[in-house]
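In the numbering used here, the protein residues as written are 224 to 379.
We treat Cβ as the ideally placed atom computed from N, Cα and C, and that holds for glycine.
What follows is a short report on a single structure.
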């Protein structure tokens with residue numbers, strides 16, 4: 224069984240920093256596609272992320288972002304500058320509990336938590352994968368496998 228919603232945290236999951244402490248807005252996109260912060264530092268994401276998001280979209284998955292950052296505008300700006308908004312159906316980016324984020328996903332999508340796959344830390348009955356060193360195709364495949372295995376033992 225496949226997840227109906229795949230959710231990603233941002234900091235240290237899709238990119239290797241905390242948006243509220245490690246980079247300084249405003250951000251600018253250069254003609255070569257690189258994104259720079261206020262000090263001219265290159266703002267990078269994990270290498271596999273663009274390919275992974277594109278692949279998931281092409282395979283028909285619904286994607287979401289859940290981030291507890293207090294720098295909501297900055298996180299949204301980076302999603303826009305990286306051209307990733309087109310991949311995410313749902314975005315819950317605000318301080319507070321991830322529980323609140325997932326309650327909103329449930330309300331907006333109508334999906335039960337058991338059909339959600341989350342890449343970050345684990346809680347509740349959502350299948351969670353800790354992306355210790357950020358997202359990669361290998362972490363994605365492991366998460367999809369864990370979700371399939373856990374789903375076989377659940378009643379939906």
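message: Could you tell me the alpha carbon to alpha carbon distance between residue 347 and residue 322, rounded to whole angstroms?
response: Here the question's residue 347 lines up with position 124 in the chain shown. Here the question's residue 322 lines up with position 99 in the chain shown. Residue placement at residue 347 cannot be trusted, given a pLDDT of 45 that sits under 50; what the coordinates show is reported in the next sentence. Computed Cα separation, rounded: 8 Å.
Residue 257 burial status per 10 Å Cβ neighbour count (16 or more: buried): Residue numbering aside, residue 257 sits at position 34 when the chain shown is read from its first letter. Result: exposed.
message: For residue 302 and residue 287, what's the separation of their Cα atoms in angstroms?
response: Looking up residue 302 in the chain shown gives position 79. Looking up residue 287 in the chain shown gives position 64. Rounded to the nearest angstrom, the two C-alpha atoms are 12 Å apart.
- prompt: What three-state label does DSSP hand residue 313 in the structure shown?
  reply: Looking up residue 313 in the chain shown gives position 90. DSSP places residue 313 in strand when its eight states are reduced to three.
- prompt: What's the C-alpha gap between residue 360 and residue 272?
  reply: Taking the first residue of the chain shown as 1, we reach residue 360 at position 137. Taking the first residue of the chain shown as 1, we reach residue 272 at position 49. Each residue's alpha carbon lies about 8 Å from the other.
query: Given 8 Å as the limit, is there contact between the segment 327 to 336 and the segment 293 to 310, that is, 3 or more CB pairs closer than that?
result: no
Residue of 230, 224, 225 minimising C-alpha distance to residue 310: Within the chain shown, the letter at position 87 stands for residue 310. Nearest C-alpha to residue 310: 230.
message: Can you confirm whether residue 224, when its beta carbon is compared against all beta carbons of chain B, has any partner nearer than 8 Å?
response: No chain B is part of this structure, which consists of one protein chain only.
query: So, using beta-carbon positions, are residue 267 and residue 239 closer together than 8 Å?
result: What you label residue 267 is simply residue 44 of the chain shown in a count that begins at 1. What you label residue 239 is simply residue 16 of the chain shown in a count that begins at 1. Yes, the pair counts as a contact, with Cβ atoms nearer than the cut-off.
N-terminal and C-terminal residue of the beta strand (DSSP E) that residue 341 is part of: Your numbering for residue 341 matches position 118 in the chain shown. Where residue 341 is concerned, the enclosing beta strand (DSSP E) stretches over 339 to 342.
- request: Can you give me the Cβ contacts of residue 261 inside the same chain, cut-off strictly under 7 Å, excluding the 5 residues immediately before and after it?
  value: The residue given as residue 261 occupies position 38 in the chain shown. So the list reads 247, 248, 249, once near-sequence residues are dropped.
message: On the CB-based measure, 16 or more other CB atoms within 10 Å of its CB, does residue 244 come out buried or exposed?
response: Stepping through the chain shown from its first residue, residue 244 is reached at position 21. It counts as exposed.
- prompt: So what's residue 328 in DSSP terms, helix, strand or just coil?
  reply: Here residue 328 refers to the residue found at position 105 of the chain shown. Note: residue 328 maps to helix in three-state DSSP.
query: What does residue 290 pair with, by DSSP beta-bridge criteria?
result: One-based indexing of the chain shown puts residue 290 at position 67. Answer by DSSP bridge pairing, in chain order: 316.
task: Please say whether residue 292 and residue 233 have beta carbons closer to each other than 8 Å?
output: Numbered from 1 along the chain shown, position 10 holds the residue referred to as residue 233. Numbered from 1 along the chain shown, position 69 holds the residue referred to as residue 292. Yes; because the gap between Cβ atoms is below 8 Å, this pair is in contact.
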